[in-house]
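Numbering of the sequence shown is given in the numbering used here, commencing with residue 1452 and proceeding in unit increments.
Note that beta-carbon positions come from the ideal geometry of N, C-alpha and C, so glycine has one too.
Remember, predicted model here, so these are calculated numbers, not experimental data.
First up is the structure itself, then whatever we jot down about it.
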Amino acid sequence: MLQMLLGHNLCLTLYMRIHMSCKRLFAKVREVKPATVNQQCVVYKFQCNLCDAGYVGYTRGHLQKRVDGHKQKSSICKHYCSKHNLNVPPCLSEQFHALTKCTNKFDYLIKEMLFIRKLKPSLNVQTDSIRAKVFTKGICDPLFLC
Ligand SMILES: [Zn+2]
1452 MLQMLLGHNL
1462 CLTLYMRIHM
1472 SCKRLFAKVR
1482 EVKPATVNQQ
1492 CVVYKFQCNL
1502 CDAGYVGYTR
1512 GHLQKRVDGH
1522 KQKSSICKHY
1532 CSKHNLNVPP
1542 CLSEQFHALT
1552 KCTNKFDYLI
1562 KEMLFIRKLK
1572 PSLNVQTDSI
1582 RAKVFTKGIC
1592 DPLFLC
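Written out as structure tokens, the structure reads:
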């Protein structure tokens, strides 16, 4: 009886140690998030992992949410499909990097334009230009006096 009780106690101790180790392990795993998750209000760059193609954009929300948006209908999605005959990779967020933080819409547009001019990303199209966004998409901002 005593032996059975000791055995039971040992099992319980072992179970508790494993349980606590797992709990600590998963707590640490949960803390490790991709760098892009906490970025928001940024101009960002995407770099294809299979070729030199790139894309520059901005988001007022969290960058991770924007990355999820690019997994569906976007020039990045089209690029993987047409150029590499693949779906977007599951680890797409690793190819996104925040270039700079922004404070307002004017800031976004100017910084995005400057990075597009500097980096010349091949996946950006004419409609990504500041002129197209301000005048043809109907974005009317007092800063642009329109
Ligand atoms: Zn590519």
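Provide the residue(s) that pair with residue i in DSSP beta bridges, ordered along the chain.
i            : result
residue 1505 : 1498
residue 1569 : Partner(s): none; residue 1569 has no beta bridge.
residue 1548 : 1496
residue 1510 : 1493
Return helix, strand or coil for residue i, following the three-state DSSP convention.
i            : result
residue 1537 : coil
residue 1492 : strand
residue 1522 : coil
residue 1574 : coil
residue 1542 : coil
residue 1553 : coil
Would you mind giving the Cβ-Cβ distance between residue i and residue j, rounded to the nearest angstrom? I have them listed as a contact below 8 Å.
i            : j            : result
residue 1495 : residue 1548 : 6 Å
residue 1492 : residue 1553 : 5 Å
residue 1528 : residue 1521 : 6 Å
residue 1512 : residue 1563 : Not confirmed; about 15 Å, so no contact.
Could you tell me whether any non-hydrogen atom of ligand 1 is closer than 6 Å to the CB of residue i?
i            : result
residue 1684 : This structure gives no information on residue 1684, because the portion of the chain shown stretches from 1452 to 1597.
residue 1499 : yes
residue 1504 : yes
residue 1529 : no
residue 1534 : yes
Count Cβ pairs between the stretch 1552-1561 and the stretch 1526-1537 that sit closer than 8 Å; are there 3 or more?
Segment contact: the stretch 1552-1561 against the stretch 1526-1537, fewer than three CB-CB distances shorter than 8 Å; contact not assigned.
Using 8 Å as the cut-off, can you tell me whether the stretch 1494-1510 makes contact with the stretch 1564-1573, which would need three or more C-beta pairs spanning the two stretches below that distance?
Between the stretch 1494-1510 and the stretch 1564-1573 there are three or more C-beta pairs closer than 8 Å, enough to call the two in contact.
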